[in-house]
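Residue numbers (the working numbering), protein chains in the order written: chain A, 1 to 136; chain B, 137 to 272; chain C, 273 to 408. Each residue gets a CB set at the ideal place from its N, CA and C atoms; glycine is no exception. Note that the structure is a prediction, hence the values are computed from the model and not measured. Data block below; observations after.
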Amino acid sequence: MIQQFEIKLPAFKRGFHLVTRHITEKLDQLPETGLVNIFVHHTSAGLMINENADPSVRVDLESSFNHLVPERMSYYTHTMEGDDDMPAHIKSALAGVSLTIPVEDHRLKLGTWQGIFLCEFRDHAGSRKVTLTVYS
Amino acid sequence: MIQQFEIKLPAFKRGFHLVTRHITEKLDQLPETGLVNIFVHHTSAGLMINENADPSVRVDLESSFNHLVPERMSYYTHTMEGDDDMPAHIKSALAGVSLTIPVEDHRLKLGTWQGIFLCEFRDHAGSRKVTLTVYS
Amino acid sequence: MIQQFEIKLPAFKRGFHLVTRHITEKLDQLPETGLVNIFVHHTSAGLMINENADPSVRVDLESSFNHLVPERMSYYTHTMEGDDDMPAHIKSALAGVSLTIPVEDHRLKLGTWQGIFLCEFRDHAGSRKVTLTVYS
Numbered sequence: 001m002i003q004q005f006e007i008k009l010p011a012f013k014r015g016f017h018l019v020t021r022h023i024t025e026k027l028d029q030l031p032e033t034g035l036v037n038i039f040v041h042h043t044s045a046g047l048m049i050n051e052n053a054d055p056s057v058r059v060d061l062e063s064s065f066n067h068l069v070p071e072r073m074s075y076y077t078h079t080m081e082g083d084d085d086m087p088a089h090i091k092s093a094l095a096g097v098s099l100t101i102p103v104e105d106h107r108l109k110l111g112t113w114q115g116i117f118l119c120e121f122r123d124h125a126g127s128r129k130v131t132l133t134v135y136s
Numbered sequence: 137m138i139q140q141f142e143i144k145l146p147a148f149k150r151g152f153h154l155v156t157r158h159i160t161e162k163l164d165q166l167p168e169t170g171l172v173n174i175f176v177h178h179t180s181a182g183l184m185i186n187e188n189a190d191p192s193v194r195v196d197l198e199s200s201f202n203h204l205v206p207e208r209m210s211y212y213t214h215t216m217e218g219d220d221d222m223p224a225h226i227k228s229a230l231a232g233v234s235l236t237i238p239v240e241d242h243r244l245k246l247g248t249w250q251g252i253f254l255c256e257f258r259d260h261a262g263s264r265k266v267t268l269t270v271y272s
Numbered sequence: 273m274i275q276q277f278e279i280k281l282p283a284f285k286r287g288f289h290l291v292t293r294h295i296t297e298k299l300d301q302l303p304e305t306g307l308v309n310i311f312v313h314h315t316s317a318g319l320m321i322n323e324n325a326d327p328s329v330r331v332d333l334e335s336s337f338n339h340l341v342p343e344r345m346s347y348y349t350h351t352m353e354g355d356d357d358m359p360a361h362i363k364s365a366l367a368g369v370s371l372t373i374p375v376e377d378h379r380l381k382l383g384t385w386q387g388i389f390l391c392e393f394r395d396h397a398g399s400r401k402v403t404l405t406v407y408s
């Protein structure tokens, strides 16, 4: 059985943002056993599972992604949409746009310290569209 | 219900290649709602969703992956198969080999600017084998 | 149809470890056609598909991930749990924690050279918990 929901996340500033609750509040009728796929429909954002407790991890992820993929590299040719644009596409490639998570006992089976992050790689992005697909 | 297809992509030169049409032409009977998994059976290639409109993004992804994972690093020990080989394995690790994409209204539900890329990390690779699994 | 198993991998030292057999020995009743999702419930480890034959690839992946994500960077603020901790979260973000693999003819349909790796990013981690979900 497949169920599908589309949600709009609130617009976030550039950075890594915990959205576990935004996702789970749409998934209040999960099956006993199954899988959930979460898919973000953009090429300058990403989805990630990472540490949910200490906000400093999210700060350091932002610094590290900026260090891995700097702006204004001389070899960038896709430069018309701003200094943050091409790096955003590369960071999205590294983070990925799709997560698949097991469901157990009607809940997302995340580890104790695992949260779902929206990775916002643009300086001034709007709301991001996400599709949730539940299969059981 | 599960359906599975194996396809051979054409041999591509090193770089990032838009293969959305190669995939969707094999998926002409998608369910109303579901998911599609795309899996490439190689360790020196990858699959990615990224910007489908401006080819300069694909050029810059190639430059950026080369910058992130240079050839001939002194610490490489797996060097028997050419300078492009070990970097290809590392790039494949970063890009990933498996994508899961929602299906809505009998079509892959990609964002407006999202395309499916084959990431070819070898200099002289042949055709790459891909398995498409549709579940509904 | 969905089946779900939880397994504990043995504690590994820091590095990339081939665990294909640890996974497949729990999956002795795979359907003829389907998909398997493998999910690790930790934020300082990852899962990856990469070259299964030559152990030097795993050595070079460890060197490369250390080069991409160095310890003791001046911009790290999450530093209370040791020099290996924040880099482990970043590496986990790059590798990912979830794999989806097709099943064909009652077996994981991996390429000839593809193996499943547990990526252990901590210096002194214990056993890692993994959930296997089979759907057909």
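Would residue i pass as a contact of residue j if the rule is Cβ separation under 9 Å?
{"i": "B:Arg150", "j": "B:Arg258", "result": "yes"}
{"i": "A:Gly34", "j": "A:Val40", "result": "no"}
{"i": "C:Asn309", "j": "C:Gln386", "result": "no"}
{"i": "C:Val406", "j": "C:Pro327", "result": "no"}
{"i": "A:His42", "j": "A:Val97", "result": "yes"}
{"i": "B:Asp196", "j": "A:Met86", "result": "yes"}
{"i": "C:Ala367", "j": "B:Ala229", "result": "yes"}
{"i": "C:Phe284", "j": "C:Leu404", "result": "no"}
{"i": "A:Leu68", "j": "B:Leu235", "result": "no"}
By the 10 Å Cβ neighbour count, where 16 or more other Cβ atoms means buried, how is residue i classified, buried or exposed?
{"i": "B:Glu256", "result": "buried"}
{"i": "C:Ser336", "result": "buried"}
{"i": "B:Arg243", "result": "exposed"}
{"i": "A:Tyr75", "result": "exposed"}
I'd like to know if residue i contacts chain A, where contact means its C-beta is closer than 9 Å to some C-beta of that chain.
{"i": "C:Val369", "result": "yes"}
{"i": "B:Gln165", "result": "no"}
{"i": "B:Lys245", "result": "yes"}
{"i": "C:Lys280", "result": "no"}
{"i": "C:His361", "result": "yes"}
{"i": "C:Lys298", "result": "no"}
{"i": "B:His203", "result": "yes"}
{"i": "C:Thr403", "result": "yes"}
{"i": "B:Ser200", "result": "yes"}
{"i": "B:Gly262", "result": "no"}
Indicate whether at least one CB of chain C lies closer than 9 Å to the CB of residue i.
{"i": "A:Tyr135", "result": "yes"}
{"i": "B:Thr236", "result": "yes"}
{"i": "B:Asn173", "result": "yes"}
{"i": "B:His214", "result": "yes"}
Look at the alpha carbon of residue i and the alpha carbon of residue j, and state the distance between them as a whole number of angstroms.
{"i": "B:Lys144", "j": "B:Gly262", "result": "10 Å"}
{"i": "A:Leu110", "j": "A:Gln3", "result": "20 Å"}
{"i": "B:Arg194", "j": "B:Gln165", "result": "29 Å"}
{"i": "A:His89", "j": "B:Ser272", "result": "30 Å"}
{"i": "A:Met1", "j": "C:Phe389", "result": "31 Å"}
{"i": "A:Arg72", "j": "A:Val103", "result": "42 Å"}
{"i": "C:Asn338", "j": "A:Arg128", "result": "32 Å"}
{"i": "C:Thr349", "j": "C:Asp355", "result": "11 Å"}
{"i": "B:Val155", "j": "B:His260", "result": "18 Å"}
{"i": "B:Met184", "j": "B:Val266", "result": "13 Å"}
{"i": "B:Ala189", "j": "C:Asn324", "result": "36 Å"}
{"i": "A:Thr112", "j": "B:Pro146", "result": "44 Å"}
{"i": "A:Ser44", "j": "A:Pro70", "result": "15 Å"}
{"i": "B:Ile237", "j": "A:Lys91", "result": "19 Å"}
{"i": "B:Leu163", "j": "C:Asp377", "result": "21 Å"}
{"i": "A:Ile62", "j": "B:Glu198", "result": "Reading off the sequence, residue 62 of chain A comes out as Glu, not Ile. C-alpha separation (whole angstroms): 22 Å."}
Closer than 9 Å, CB to CB, is residue i near chain B or not?
{"i": "A:Gln3", "result": "yes"}
{"i": "C:Ser364", "result": "no"}
{"i": "C:Glu376", "result": "yes"}
{"i": "C:Thr292", "result": "no"}
{"i": "C:Gly287", "result": "no"}
{"i": "C:Gly306", "result": "yes"}
Per DSSP, what are the beta-bridge partners of residue i in this structure?
{"i": "C:Ala317", "result": "C:Glu392"}
{"i": "C:Asn428", "result": "The question about residue 428 of chain C has no answer, for chain C in this structure spans 273 to 408."}
{"i": "A:Gly115", "result": "A:Asn50"}
{"i": "C:Arg400", "result": "C:Leu281"}
{"i": "A:Arg21", "result": "Bridge partners of A:Arg21: none, in fact."}
{"i": "C:Ile274", "result": "C:Tyr407"}
{"i": "B:Leu163", "result": "B:Leu163 pairs with nothing; no bridge assigned."}
{"i": "C:Leu380", "result": "C:Val375"}
{"i": "A:Phe16", "result": "A:Cys119"}
Check: When Cβ atoms are compared, which residues of the segment 40-60 of chain A fall closer than 7 Å to chain F?
Finding: Note that chain F does not occur in the displayed structure, where the protein chains are A, B and C.
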